[in-house]
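Numbers 559 to 792, taken from the working numbering, label the letters of the sequence shown in order. Everything on this sheet refers to the single structure shown next.
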Amino acid sequence: MAGRGFLFKFIFFVASGCWINQLQAQGLSAGEPFVFPQGYRPEFRRELIHEQIATEQRALCKADGRSDSLFTPTGDAALNNAISFSLLSEVNRIRFQIETDSTLDHRLKVNYLYGLQSVLGYFRDYFRKPRGVGVNPAYLPLIIANYETCFKADLRGESIAPYVVALPYDAGTTLLAARIFENNIGYKAAKENLLLKYCTLFPDKTFITLQQHPEVSFADSVLKVIARTYPRQL
């Protein structure tokens with residue numbers, strides 16, 4: 559990641575919108591909606607965290623300003639359908655899967671349910687904020703799909719970094735807002751990649767960002783580029 563070659567390849571990746579294919583593949587391919595089995599109820603020790611997830615779902619459905627049970631934050635009907643499917647069906651399927659997985663103990667179930675709730679809470683707080691601090695609501699299907707991928711990788715002791723690297727900056731930031739992956743072997747690389755994405759998106763803020771994070775491996779390479787393009791930052 560430290561080399562200039564990687565830096566310029568990464569800038570091309572962001573500029574060319576390569577994440578769009580992933581969004582189309584994951585976010586716009588809604589299948590049959592998930593329905594909880596009749597009579598299903600979470601184990602009583604975990605009822606509260608399930609209710610907290612459901613509360614986030616309801617809050618997001620209201621946050622678009624419409625009095626219905628859907629989440630439609632964009633002007634694109636097909637995309638809104640995919641976003642609502644992800645929020646309502648996929649989130650329920652994932653929490654049901656976690657709850658009923660007999661290989662997970664209570665601690666792990668609470669951990670991954672808490673991560674799901676935290677992702678939704680962060681998304682709700684930031685989806686209406688401006689570019690640079692906010693998260694694009696169109697990315698919710700990507701975020702939910704990759705949360706599932708990441709927690710399963712984490713369970714296997716594998717790195718989450720490849721999945722975070724493949725996401726746009728705001729989607730990856732929302733994913734790490736789960737606050738459960740800090741001990742994952744790929745967490746440091748994932749955080750560093752998000753910093754590189756931020757510097758690429760906002761080069762005028764690069765110098766102050768790297769001052770706050772001098773330990774990142776790409777600092778020297780990026781500073782050389784910035785010195786030529788934005789000399790007043792130095």
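Heads up, the beta-carbon is just placed ideally off N, CA and C, and yes, glycines get one too.
By the CB criterion at 8 Å, Val649 and Ile607 fall outside the cutoff. In this structure Lys755 is buried. Its beta-carbon is surrounded by 16 or more other beta-carbon atoms within 10 angstroms. Pairwise C-beta distances place the region 693-709 in contact with the region 726-744, as three or more of them are shorter than 8 Å.
Annotated three-state conformation of Gln596 is coil, per DSSP. Contact annotation, Glu614 with Gln675: C-beta distance approximately 6 Å; criterion of less than 8 Å satisfied. Look at the beta carbons and you see the region 696-706 touching the region 639-648: at least three pairs across the two are nearer than 8 Å. Residue range 664-684 is occupied by the alpha helix (DSSP H) that includes Gly679. Between Val693 and Ala729, the C-beta gap is smaller than 8 Å, which places the two residues in contact.
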